[in-house]
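See below for the structure under consideration.
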RNA sequence: GGUUCCGUAGCUCAGUUGGAUAGAGCAACAGCCUUCUAAGCUGUGGGUCGAGCGUUCGAAUCGCUCCGGAAUCACCA
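Residue numbers (my numbering): 2 to 650.
Here it is as structure tokens:
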């Protein structure tokens, strides 16, 4: 039982003894005493004045006396206004070092989905945040004793993949990662950008054609003019709205006009130019390609397999650098048909609505939302349908007590609807689905946009972190006398530590800003600072061993301690609470803030008090043990964040 | 326009089940290496916690109204 719990229990008893009234233990608010005031724990007695019918001071003093008598750990107390500040004995704090933190037993079984990339372009900073949060949450839940299954759902199909494929086919000259020297995901991403460029050029060309056409004398009938107007309307919006249905519509109306054979030669010329430009347009071709993919066209499937393979090779490298892994990877090409049967069952059961055009909808108006499409009129699935299918499949496969989806906050609405649809379909575990909604990583100017080339590429950023770590280490002369492989290892640890900590110290649900012009710090509240403190402690422990000093296995509770040591002990003893809190809140930032506070406090201790140079053997032993336990907490906390710590740096 | 989220120091962020004088880091300035790693430590300056009203012993925290920003509201995923 934690000391807080013990104190609150005795507090309730004291109230009952003094004022003969029982209170609920959960209403007692106990907190750590402010640093500038004497005391370790504080209870505010304001809420109990109605019961005591005495002044705040009087009440606090009476309760304080009772508590001091009933708990040997409490040495003394102070009362300031209505605040009862309890002072615990030094020996209590010293013995905190002897507590072995065991994972809290739990039978919960959590499933967590994260990463979930598209296979048409490389990973960027947003993905990094997703991956780091997912990995860290997994570790935190494990530390809370839960069984965790990490899954990835790769979006490997759809129009965006076809865009890259088409561009590669048309303008790629058969290049591969081997011949181009590019990482597979980057190569595919390059073609995705190429597609966009070519598509824009095509639209601009069409737009000009229409503009020229407007200058021609018209020779159409009334109906044909009406068709023309529709065409021009489309033309005006063509630059941002060109899509497959539009393209098809224009082609059809042009062909009708052409078939009337009343046009001038110039007009026939125009129509032919537009039609061929449209049919040749990248967008039209990509859509045709998607249709072929869905029909199972052999060549297209082969190309798709080849290019996705490149992307996976690239992703694997990035995942490995980031230290991310999964227990299972799902591919959307295998799951996108799922959910359809469930939806149809829902129709039969009357939970869902089928409209005249055969499309299927969930009516969520009674939940304050709109109707939501689940099956298109042609019977095909949409995103929501797939999610329903995979959720049911996973529930059957893993029977998780909790299904966590690490997905950006732009999909908050989707998940709201998702849960409600599952509820409507009668799956009572709908409330076990938790959308861990994380905020966007933004640039100082706003959102990252791939079209404007402002996306921060994951691999580039990682390389940059390594380079910075290297130059800083060299400047500080930290790497002298180390082997080349050790240097490489340390640089990677530190660079990656800076990046990961930078991201994870921010509350996941908040949007955060990354400024590419200012490199990520290595001083202050940063990963390297924490790693550095760990290295410092390791150095002391090394030196102790060299001097033949053995770190005691247990703290001697007769050791006298200073305020600095006590502060450090307090933070160390808070560790278990923090792990539980981070698990409940699904928030790695709680761990990050904790370990920073711990390290800061340790540095104060390190600076103020001698350790190996302490002549009093009892004190030396205690400080060595304190240092050792601190280093273990640091290492473990950082492990929960997915960050490694070096023994020297 | 509807819904949801956000607004704390010049910048990046803590602090929010209501508690004492709102905290860190960066940046700026001033100190500390013959002493266990100076990626460290100490100090100075920097705030209308977006604004107003309310709830109460007490509000950055809760409620209402504004102001500013973001996301979302597809037979896209």
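Glycine included, every Cβ here is placed at the ideal spot set by N, Cα and C. Source: prediction; values computed, not measured.
Assigned with DSSP and collapsed to three states, residue 352 falls in coil, not helix or strand. The beta-carbon separation of residue 627 and residue 569, rounded to 6 Å, stays under the 8 Å limit for a contact. Between residue 463 and residue 500, the gap from beta carbon to beta carbon is short of 8 Å. Per DSSP, residue 478 is not a residue of any alpha helix (DSSP H), being assigned neither H nor E. Excluding residues up to 5 positions away in sequence, 192, 195 and 199 lie with their Cβ nearer than 8 Å to the Cβ of residue 172 in the same chain. Here residue 2 is exposed, its C-beta having fewer than 16 other C-beta atoms within 10 Å. DSSP assignment within the region 262-320 yields the following whole alpha helix (DSSP H) runs of 4 residues or more, N-terminal first: 266-281 and 283-296. With distances taken between CA atoms, residue 97 lies nearest to 623 out of 623, 30 and 175. The Cβ neighbour count for residue 376, taken over all protein chains shown within 10 Å, is at least 16; the residue is labelled buried. DSSP places residue 639 in no beta strand (DSSP E) but in the uninterrupted alpha helix (DSSP H) bounded by 618-641. Residue burial is scored here from C-beta neighbours: residue 325 has at least 16 other C-beta atoms within 10 angstroms and is therefore classed as buried.
Secondary structure at residue 339: coil, using DSSP grouped into helix, strand and coil. Uninterrupted alpha helix (DSSP H) stretches at least 4 residues long and entirely within the region 69-111 occur at 91-96, given in chain order. Between residue 534 and residue 603, the beta carbon gap of about 6 Å places them in contact (Cβ cut-off 8 Å).
Here the alpha carbons of residue 460 and residue 466 stand approximately 10 Å from one another. By the neighbour-count criterion, in which 16 or more other beta carbons inside 10 Å mark a residue as buried, residue 153 falls on the buried side.
Each of 45, 68, 67 and 66 was checked against the Cα of residue 57, and the nearest Cα belongs to 45.
Residue 608 sits exposed, since fewer than 16 C-beta atoms from the chains shown fall within 10 Å of its C-beta.
Contact between the region 386-395 and the region 76-96 is absent: fewer than three C-beta pairs spanning the two stretches fall below 8 Å. Distance from the CA of residue 169 to the CA of residue 123, rounded to the nearest whole angstrom, comes to 16 Å. Following the DSSP letters along the chain, one finds residue 419 inside the alpha helix (DSSP H) bounded by residues 413-425.
Your pair residue 327 and residue 151 checks out as a contact, with CB atoms roughly 5 Å apart and the cut at 8 Å.
Judged by DSSP secondary structure, residue 32 falls within the beta strand (DSSP E) whose first and last residues are 31-33. Per the coordinates, the alpha-carbon of residue 615 lies some 21 Å from the alpha-carbon of residue 601.
Inter-segment contact for the region 394-412 and the region 363-380 is absent: fewer than three beta-carbon pairs are separated by less than 8 Å.
For residue 436, there is no enclosing alpha helix (DSSP H); the residue is found in the beta strand (DSSP E) stretching over 434-439.
By alpha-carbon distance to residue 289, the top candidate from 159, 62 and 582 is 159. Between residue 644 and residue 528, the CB-CB gap stays under 8 Å. In the three-state DSSP reduction, residue 25 falls in the coil class, being neither helix nor strand. Residue 149 is bridged by DSSP to 111. When the beta-carbon positions are compared, residue 16 and residue 405 stay at least 8 Å from each other.
DSSP, reduced to helix, strand and coil, places residue 64 within a helical segment of the structure shown. Distance from the Cα of residue 396 is smallest, within the candidate group 370, 421 and 431, for 431. Counting along the chain, no beta strand (DSSP E) covers residue 394; the unbroken alpha helix (DSSP H) around it starts and ends at 384-399.
A straight-line Cα-Cα distance of about 49 Å links residue 303 and residue 582.
Residue 565 places its beta carbon less than 8 Å from that of residue 605.
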